[in-house]
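Just remember that the working numbering sits 108 ahead of the position in the sequence shown, which is counted from 1.
Note that the Cβ used here is the ideal one computed from N, Cα and C, for glycine as well.
Have a look at the structure below, then the notes.
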Amino acid sequence: MANIFDSLKQVAQLRQQAAEFQRILASKIVEAASPAGEVKIKVNGKMELLSIEIDPCVLSPEHKSRVEKLILRTWASAQKEVERVLGAELKAKVGGLPF
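Here it is in structure tokens:
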């Protein structure tokens, strides 16, 4: 019977840790920019897009395709950075657990 209660206690602790990790994810903000800085994107650790800044110099019809590509590349860069930051955060939280 004690094992069941220990298991339930561990489950409750894991849920609490998961909730805390969700709060951490939401608080981590990463910014990525295109190579020349024309497009900047901010995203949080939950991969929610927070903002996009576009330099007015590229906002003309003849630059439409270029801006679209810059946004896609910058978004991909932001995603990679979030993965890197969260990987480091997760490693710090779980330490040497064998996952």
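Query - Sub-8 Å separation of A134 and K150 beta-carbons - result: no
Query raised in the report: For the alpha helix (DSSP H) that K154 lies in, which residues bound it at each end?
Result: Counting along the chain, K154 falls outside any alpha helix (DSSP H), and DSSP gives it neither H nor E.
Query raised in the report: Can you tell which of L180, K172 and N111 has its C-alpha closest to the C-alpha of P143?
Result: L180
Requested in this report: Note down the Cα distance separating A126 from L198, rounded to an integer number of angstroms.
Outcome: 11 Å
Requested in this report: Consult DSSP for K177 and reduce its assignment to one of helix, strand or coil.
Outcome: helix
Query - Environment of S159 [buried if 16+ CB atoms lie within 10 Å] - result: exposed
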